[in-house]
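Reading through the structure tokens given below for one structure.
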Amino acid sequence: MPGLSFTLPHWLYWVGLIVFPIVAMVLSRRPQPAQKRYTIPLAYMIAVTGGIIGLHRFYLKSLLGLVFIPIFLFILYANSQTQAARTVVSNYANEIRVAERTLGREEGRVSEAREGLADLRAAFEAAEEGSIGQRSAERRLTRAEDTIEKGEARLEEARAAVEEFTPLRDAEESRRSFWSRSAGYAFYLILALLAIDLALIPGLVRRANRTIPEHEEISEAEKALAALEAEEGPQHDSDYATNWIDRLSLFCGEFVAYWAVIAVFVYYYEVIARYVFGSPTNWAHEAMYLMFGMQYLIAGAYAMLTESHVRVDIFYAPLSKPRKAWVDLLTSVFFFIFAGTLLVTSWIFAMDAIAVPSGNSVLSDWARGQIGFGEMVSGFGLNQWTDPNIRWGEISFNEWEVPLWPMKWVMVMGGLLLVLQGISKLSKDIREIARGN
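Just so we're aligned, residue 38 is where the sequence shown starts under our numbering, counting upward by one.
Put into structure tokens, the structure is as follows:
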């Protein structure tokens, strides 16, 4: 089975977090056709990302996608057998190595002891009966005989281990090689089927579109829901926005919402890399939990604007709008204590993260107070972006070594957005109280 070795570059991680939501927001704002149809670009995207299990066929309503599933399941089974055999081979190989080291060590000891055994016996026989010299010679002779006896026992055990485990290791190695080749052949079969489908997709899309009825009937439940929406009017998040702070919170909330789609692709890649190619990544998990941490912080203002936070509605919901405003106004004291603390501590964390000495970064020197702001700005050059020794501050401790200081600055952004949204909510509450109705 071929391996898959890829480590996500740090710059691509940050570019993806910025570019992907922008593209998704542009695409989501395109006018939707009156009648939904299958599209060639979407079919190709599904084929590239999920074609290994036939998802493109299912998207185009083709049951031939079921052909991919048993082959894919066979690959998973073959890889599991390969991994199990590899573990057994490793255990047997370790036993053989231990036995071989024992042979190399004990053969020399036994040989040396045998060569000196005759001299030790002669010295013992030549010593005076009952003398200290005789007792000393006896101890040396006994020690040499024990070395030979125990060494021969270890040698016999080691030879037996080599004879026992070598054929077992070879058999498991053959088994591992068989399942590895089988998984590889199955994977190449899927690639061949996928290559054929990539050429057939335009025709498959046209055929799927021909099956769409011109006038699709909707159920009574859907009709009732449409009538209710028409009566109440459409509810959009933009209805909450009354000033620039609200619009900023809405934009940031929508922006980071698309990061969840990135997680789908990354974890899909991790699963395929781990269980199909046997090449787990050292970056997918860390990249995603850092991303979700940033998403949580940035989306706080959006959740506050749309009133998505948890609240004790059994007391709050029955109140009139002015009374709700009074409650919000009184409890805003606790909110600003929390939001202000978050903003201040986040600023401290962010500055500390940049101030970590790393390479020759002028940004770190400025954060530590070693140079002024003007000198820091003038000191920026191409080397500040390309030199691998320059990290601009704190990095993670695992093999990926992603810089952590950007996440700390996202905490500052989240705290700032939350404070701004609190100010916006406070002004709305004051206006509602002033109206008094």
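From the three backbone atoms N, C-alpha and C, an ideal C-beta is built for every residue, glycine too.
| Asked | Found |
| --- | --- |
| Assign P250 to one of three DSSP states: helix, strand, or coil. | coil |
| State the Cα-Cα distance for the pair I185 and H322, rounded to the nearest angstrom. | 56 Å |
| Taking the alpha-carbon of N426 as reference, which of G409, S401, R206 and R405 has the nearest alpha-carbon? | S401 |
| Give every residue of the same chain whose Cβ lies closer than 7 Å to the Cβ of G459, excluding the five residues on either side of it in the sequence, and list them in chain order. | S369, F372, F373 and A376 |
| Kindly identify the DSSP beta-bridge partner or partners of P440. | I432 |
| Taking the continuous alpha helix (DSSP H) assigned at H322, which residues delimit it? | A321 to L342 |
| Can you check whether the CB of F95 is closer than 8 Å to the CB of G102? | yes |
| To the nearest angstrom, how far is it from the Cα of G396 to the Cα of G188? | 56 Å |
| The alpha helix (DSSP H) that contains I385, what's its start and end? | K358 to I391 |
| Is it buried or exposed, K73, if we count other Cβ atoms within 10 angstroms and call 16 or more buried? | exposed |
| If we count Cβ pairs, one from each stretch, closer than 8 Å, do we get three or more for the region 148-168 versus the region 202-218? | no |
| Please tell me whether S286 and L454 are closer than 8 Å, where the distance is taken between their beta carbons. | yes |
| Quick check: G430 and V393, are their CB atoms within less than 8 Å of each other? | yes |
| Using the three-state DSSP reduction, which class does D424 fall into: helix, strand or coil? | coil |
| Would you mind reading off the limits of the alpha helix (DSSP H) that contains Y75? | Unbroken run through Y75: none, as it is neither H nor E. |
| Does DSSP put Y295 in a helix, a strand or coil? | coil |
| Say whether the region 162-173 touches the region 128-143, bearing in mind that this needs 3 or more beta-carbon pairs closer than 8 Å, one atom from each stretch. | no |
| Among R151, L230 and G53, which residue has its Cα nearest to the Cα of I89? | L230 |
| Judging by CA-CA distance, which residue of M444, N246, D365 and M448 is the nearest neighbour of Y50? | M444 |
| Which value, in whole angstroms, describes the spacing of the CA atoms of S217 and W437? | 28 Å |
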